[in-house]
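Student:
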DNA sequence: GCGATGCTACTCGGATAAAAACTGTCCGAGTGGCATCGG
DNA sequence: CCGATGCCACTCGGACAGTTTTTATCCGAGTAGCATCGC
C-alpha cells in the first residue's frame, strides 16, 4: 500500500502555482526545475490534474499551467483522487462467497461484508480529513521565506 | 495506492479461527479451501500474522494456526499493519529541498513539510478508526448463519 | 506386557519465478508570437 | 506607416520501454504421532 510520489509532486506544484500568482502560466519544465524532478514524468501528473479540473492548461508559446479554481476551493482530497483514482485502497473481493461459502442460502449475503464495512469506515475517516484541508491552508501554514525565494528564483524566467 | 488482497484474506481467516474455536489448530490448507484461494500464497500472509503475534503456529501432524490472543485484543490495525507494514502510504521525499529550494537558508526547513503534516493527519484518522475495531466486533456483526455453516463444513475435517 | 526407538506423514517456513503496477522517457499535434511582405 | 500572412519556436498530450512492488509457486527443515522392535 504505497501512494504514488506523484501526489507529493502535485501538491507542491499547486502550492508553487499559488506562490507565483495567477498572472502567467507556468510550464512543466519550470515546475520540474523547481524541485529537480523529471519534467516529462511530472507532465503526466499535471495532465491528471487538468482532467480533474484542478488545473487549466494553455498550449503554445508562453503556455503552461495555472490553477482552475481559487486555492480555498481545492481540497487535498481533490488532488489525491485526481492522481490515485477514486477507488479505495481496500477492495472487497467477496471471498466469503467462494469455497465453503459457495453453498450459502440465497439472501445470506444480502447485507454487505462486515469486513468491507469496517475498512470502508476507516477510509471514510481518511477522506473526511483530506477533504477538510485546502491548498489555501497549506499556503498559510508554509513559511513565507519559501514563497519569497521561489518568486525570486522564478522572476528572471517569467517572460 | 492499492492495499494487498492479503489483508482481506487475513481478516477472514481470523474470523474463521474464532468461529472454529480454539480447540484445534487449523492448517493453511483448510483455511485456503474455505475461501478457495491458493494455499501456498495464503501461507505467506499467515506467517506475517505469526511474526506480528496475532497467530501462533504449531508444526508437525495436527499442526496449524490458532489465535495468539483473544478476539477482543486484536484490532484491525494490528492485522493491517502485520500485512502492509508499519510505513504509511504517503512518504515525504522532501522535494522542497531540491532544485530551487537547494539554496535555502539553514534552519528554514527545521519544521517539517506542511504537506507531510496534512497527509499524516489523514492517515492518523485512518489508523484511529482501524484501532477502534477488533476481531470480536467483526464476529458480532457477522450473521450467525455463516459461522454455523463454516462449522458444519469443518467438522468432518477436524481429526 | 511395556517401553524405547525409528519411521512416516504432515505441517510451517523461507527461498525462488511470473505478473502487474509504477516509474521514467520519448516524439507528435497544436497553438501563440514574431518577422516578413504587401498595400 | 499599417495590416495581413506565413513561419517558427514552444507547449501540452498521449504512446512507448525500464524498473520496482506485488502475486503466485515451490521445495526443504522440523515436529507429532504411530508402528515396530527389543527387553
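Protein chains in written order, with the numbering used here: chain A, 98 to 256; chain B, 98 to 256.
Just so it is clear, CB atoms sit at the ideal spot from N, CA and C, and this is done for glycine as well.
This one's a predicted model, so the numbers in the text were calculated from it and none came from an experiment.
Sort out for me which residues DSSP pairs residue 154 (chain B) with in a bridge.
Tutor: As a working mapping, residue 154 (chain B) is identified with position 57 in the second chain. DSSP lists B:162 as partners of residue 154 (chain B).
Student: Would the stretch 191-198 of chain B count as touching the stretch 114-125 of chain B if we require 3 or more Cβ pairs under 8 Å?
Tutor: no
Student: Can you name, in chain order, every residue of its own chain whose Cβ lies under 7 Å from the Cβ of residue 219 (chain A), other than the five neighbours on each side?
Tutor: Here residue 219 (chain A) refers to the residue found at position 122 of the first chain. Non-local C-beta neighbours of residue 219 (chain A) in its own chain, meaning closer than 7 Å and more than five positions away in sequence, are absent.
Student: State whether the stretch 172-187 of chain A contacts the stretch 100-110 of chain A, with contact taken as three or more CB pairs (one from each stretch) at a distance under 8 Å.
Tutor: yes
Student: When we look at the beta-carbon of residue 208 (chain B) and count the other beta-carbons within 10 Å, is it buried (16 or more) or exposed?
Tutor: The residue labelled residue 208 (chain B) in the question sits at position 111 within the second chain. Exposed is the call here.
Student: Under 8 Å between the Cβ atoms of residue 123 (chain A) and residue 236 (chain A)?
Tutor: Position 26 of the first chain, counting from 1, holds the residue named residue 123 (chain A). Position 139 of the first chain, counting from 1, holds the residue named residue 236 (chain A). No; because the gap between Cβ atoms is not below 8 Å, this pair is not in contact.
Student: Relative to the C-alpha of residue 71 (chain A), which candidate in B:99, B:112, B:98 and B:253 has its C-alpha closest?
Tutor: Nothing about residue 71 (chain A) can be reported from this structure: the residues present for chain A run from 98 to 256 only.
Student: Just checking, does the stretch 222-232 of chain B make contact with the stretch 158-167 of chain A on the three C-beta pairs under 8 Å criterion?
Tutor: no
Student: When the Cα atoms are used, what is the spatial distance from residue 151 (chain B) to residue 148 (chain A)?
Tutor: Here the question's residue 151 (chain B) lines up with position 54 in the second chain. Here the question's residue 148 (chain A) lines up with position 51 in the first chain. Inter-residue distance for residue 151 (chain B) and residue 148 (chain A) is about 44 Å (C-alpha atoms, whole angstroms).
Student: Whole angstroms is fine: what's the gap from residue 221 (chain B)'s alpha carbon to residue 125 (chain A)'s?
Tutor: Along the second chain, read from residue 1 onward, the residue named residue 221 (chain B) stands at position 124. Along the first chain, read from residue 1 onward, the residue named residue 125 (chain A) stands at position 28. So the alpha carbons of these two residues sit roughly 33 Å apart.
Student: DSSP puts residue 172 (chain B) in a beta bridge; with which residues?
Tutor: Here residue 172 (chain B) corresponds to residue number 75 of the second chain, with the count starting at 1. Residue 172 (chain B) is bridged to B:231.
Student: Leaving out five residues on either side along the sequence, give the residues of the same chain with a beta carbon under 6 Å from the beta carbon of residue 169 (chain A).
Tutor: Taking the first chain and counting its residues from 1, one reaches residue 169 (chain A) at position 72. For residue 169 (chain A), same chain residues with a beta-carbon under 6 Å away, outside a window of 5 residues either side, are 231 and 233 in chain order.
Student: Using the beta-carbon of each residue, which ones in chain B are nearer than 7 Å to residue 227 (chain A)?
Tutor: Start at 1 with the first residue of the first chain, and residue 227 (chain A) comes out as number 130. Simply 219.
Student: Using 8 Å as the limit for Cβ to Cβ distance, is residue 46 (chain B) near chain A?
Tutor: Residue 46 (chain B) cannot be examined here, being either before or after the span of chain B that is shown, 98 to 256.
Student: Shortest alpha-carbon distance to residue 156 (chain B) belongs to which of B:144, B:166 and B:167?
Tutor: As a working note, residue 156 (chain B) is residue 59 in the second chain. Checking every option, the nearest Cα to that of residue 156 (chain B) belongs to B:144.
Student: Pick out whichever of B:252, B:250 and B:172 has its Cα sitting closest to the Cα of residue 146 (chain B).
Tutor: Reading the second chain from its first residue, position 49 is the one you call residue 146 (chain B). Ranking B:252, B:250 and B:172 by Cα distance to residue 146 (chain B) puts B:172 first.
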